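Numbered by the working numbering, the letters in the sequence shown go through residues 35 to 481 in order. Glycine residues also receive a C-beta, built at the ideal position from the N, C-alpha and C atoms. For clarity, every value in this text was computed on a predicted model and none was experimentally measured.
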Amino acid sequence: MANKTITGVCSDLTSEGKGVIKFINETIFVDGLLLGEKAEVEIIYRTKGVAYGKIVRLIEKSKDRIEPLCKISSSCGGCTFQNAIYEYELKYKKKKVEDALKRIGHIDVPVNDVIGMEDAYHYRNKIQVPFQRNGKDIIYGFYKAKTHKIIPNDECYIEDIRARDILKTIKSLMLSMKIEPYNEDNRSGVIRHVLIRTSYHYEDIMVVLVTNCDSFASRNNFVKALIERCPNITTVVQNINKRDTNVILGEEEKTLYGRGFIRDSILGINFNISSKSFFQVNPKQVEILYQKAFDLVGLTKNDRLLDAYSGVGTIGMIASQYVKDVTCVELEKSAHKNAVKNAKDNGIENINLINEDCTDYLVNTDDKFDVVIMDAPRKGSTPEFLNALVKNGPSKIAYISCNPATLARDLTYLVDDYEIKEVQPVDMFPRTYHTETIVALFKKEKK
Ligand code: SAH
């Protein structure tokens with residue numbers, strides 16, 4: 035009969051920042067347990083050779099442990115490291131990259147210290163919040179990890195502070211104007227989620243009301259009252275999602291107020307961002323990330339640059355000032371459309387914007403590039419893309435990745451022909467376990 039409660043010491047952390055205890059023949063993952071801490075742990079459940087436990091009593095505390103600012107940080111699932119000093123988190127992120135490179139890529143190269151954020155709170159420029167009825171009240175917050183039960187939350191320490199007042203106002207207007215939140219069980223009600231995007235360099239704020247229907251009673255009055263109470267909102271969009279799905283946004287959208295997008299800028303270049311555009315969530319750190327990537331590959335006026343997985347064209351447009359020309363390739367149509375407008379608005383002419391799958395593009399193109407900056411999604415790139423990249427033969431590559439595991443896997447396709455010059459993690463997601471890394475690769479001299 036397996037133990038229900040055990041006592042052990044945290045000897046490692048998982049790729050999601052959970053503490054690991056090795057106990058007899060079992061590995062136990064424990065939320066919130068810091069490296070070196072000794073704890074009494076209750077086993078919650080067991081699956082496929084691992085057990086999940088929760089701390090019953092801390093017997094020896096880490097010197098790095100702090101009291102979380104956020105009262106619900108242990109249940110919300112958004113943050114992992116609210117209970118530790120920031121240096122602890124940065125050390126963890128560096129080790130996570132080192133471990134992934136070694137274990138998955140069999141690559142043993144030094145990893146630089148993570149570039150952290152000066153003030154590691156209130157950085158997120160995009161939030162998506164579900165709404166639900168709770169008796170006489172309406173609640174909003176976060177889904178408890180792996181459930182659809184909302185944990186009400188009025189104060190989040192990683193979101194832009196301006197978003198919170200807007201959510202409070204939306205809730206009070208929904209109550210007074212009798213606009214029902216969506217009910218997943220019988221698929222009734224109106225408002226499913228509210229998405230808010232805030233601009234860092236401009237005063238722009240976008241509110242997206244994700245609704246279960248095309249229109250709803252008092253819609254115009256609702257928007258009017260919302261703008262009156264929160265005059266910092268510059269645009270309101272209705273996104274219609276009638277499907278029974280976990281995907282937050284539907285296809286169809288109507289602009290109810292303002293221009294339907296917000297502006298922000300990165301390193302002096304302006305961008306229009308719509309509800310669905312991918313845009314880096316940490317506007318302060320993104321400038322550090324991109325500048326570091328440019329410095330690592332050392333762009334020159336003779337270079338032809340490929341910006342692969344280019345989103346709204348952020349990297350390519352900023353880099354266009356330093357190179358001969360840029361080609362941006364992005365699959366998502368709305369992001370590509372934003373990119374076209376962004377290039378025009380910024381008067382950038384040495385740019386070629388392509389709406390295509392990166393692999394299809396690189397396998398078939400006749401263009402040759404001197405430098406490639408690739409910013410692949412979490413699932414990484416494809417063997418076909420990476421082989422085509424080697425064949426294309428740029429002298430320098432910067433691979434930016436938010437997933438050390440797929441990064442390590444993908445690098446194995448490049449290391450025969452390219453030398454890893456530098457591995458530089460940059461903290462884009464403070465207080466969470468998410469880890470962003472730039473790897474600079476230089477083409478090896480042919481012997
Ligand atoms: N470089 C951008 C976006 C990076 S996120 C920035 O920093 O803002 C990754 C982007 O890759 C997303 O915009 C996503 O839509 C796009 N993408 C995902 N799979 C793709 C594919 N197979 N081909 C082209 N683009 C893809």
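Could you confirm whether any beta carbon from chain D is found closer than 8 Å to the beta carbon of lysine 413? Of the protein chains in the structure, only one exists, and it is not chain D.
Beta-carbon separation (whole angstroms), isoleucine 385 vs glycine 332, contact threshold 8 Å: The pair is not a contact, with the Cβ atoms about 20 Å apart (cut-off 8 Å).
Whether lysine 183 touches tyrosine 174 by CB criterion (8 Å): no
Taking the beta strand (DSSP E) that aspartate 278 belongs to, which residues open and close that run? Element bounds for aspartate 278: n/a, residue is neither H nor E.
Own chain partners of valine 242 with C-beta closer than 6 Å, once the 5 adjacent residues on each side are dropped: Within the same chain, and ignoring the five residues on either side of valine 242 in sequence, the residues whose Cβ sits closer than 6 Å to its Cβ are Leu229, Val271, Asn273, Ser309.
Grouping DSSP H, G and I as helix and E and B as strand, with all else coil, what is glycine 350? Helix.
Identify the continuous beta strand (DSSP E) that holds methionine 408 and give its terminal residues. 405 to 409
Select from Asp188, Ile149, Tyr155 the residue whose C-alpha is nearest the C-alpha of valine 163. Asp188
Examine the ligand SAH and report whether any of its heavy atoms sits within less than 7 Å of the Cβ of valine 460. no
By the three-class DSSP mapping on this structure, what secondary structure does threonine 269 have? Annotated three-state conformation of threonine 269 is strand, per DSSP.
Would you call the CB atoms of arginine 464 and tyrosine 157 closer than 8 Å? Correcting the residue type first, residue 464 is proline in the shown sequence and not arginine. Closer than 8 Å, so yes.
Buried or exposed for proline 317, going by 16 or more other Cβ atoms inside 10 Å? So proline 317 counts as buried.
Three or more C-beta pairs below 8 Å linking the stretch 133 to 150 and the stretch 204 to 214: no
By Cβ distance below 6 Å, which residues in the same chain neighbour glutamine 314 in space, the five residues on each side in sequence not counted? Val320
Within 10 Å of its beta-carbon, does lysine 97 have 16 or more other beta-carbons around it, so buried, or fewer, so exposed? exposed
Are the beta-carbon atoms of isoleucine 282 and valine 346 separated by less than 8 Å? no
Count the C-beta pairs between the stretch 187 to 205 and the stretch 103 to 116 that are closer than 8 Å, then say yes if the count reaches three, no if not. The way I'd put it, the stretch 187 to 205 does touch the stretch 103 to 116; three or more beta-carbon pairs between them come closer than 8 Å.
Distance check for valine 360 and aspartate 451, CA to CA, integer angstroms please. Approximately 23 Å between the Cα atoms of the pair.
When the distance is taken between beta carbons, is arginine 91 closer than 8 Å to glutamate 74? A contact, by the Cβ cut-off of 8 Å.
Under DSSP, the beta strand (DSSP E) around alanine 492 begins and ends at which residues? Outside the displayed range of the chain (35 to 481) lies residue 492, so it cannot be described from this structure.
Assuming isoleucine 192 and tyrosine 155 make a contact with CB atoms under 8 Å, what is their CB distance in whole Å? Right, their Cβ atoms sit about 6 Å apart.
Return the CA-CA distance between methionine 35 and leucine 67, expressed in angstroms with no decimal places. Residue placement at methionine 35 is poorly supported in this model, since its pLDDT is 44, which falls under 50; the coordinates are not used for a value here.
Completely contained beta strand (DSSP E) runs for the stretch 289 to 349, where each covers 3 or more residues: 296 to 300, 303 to 307, 338 to 342
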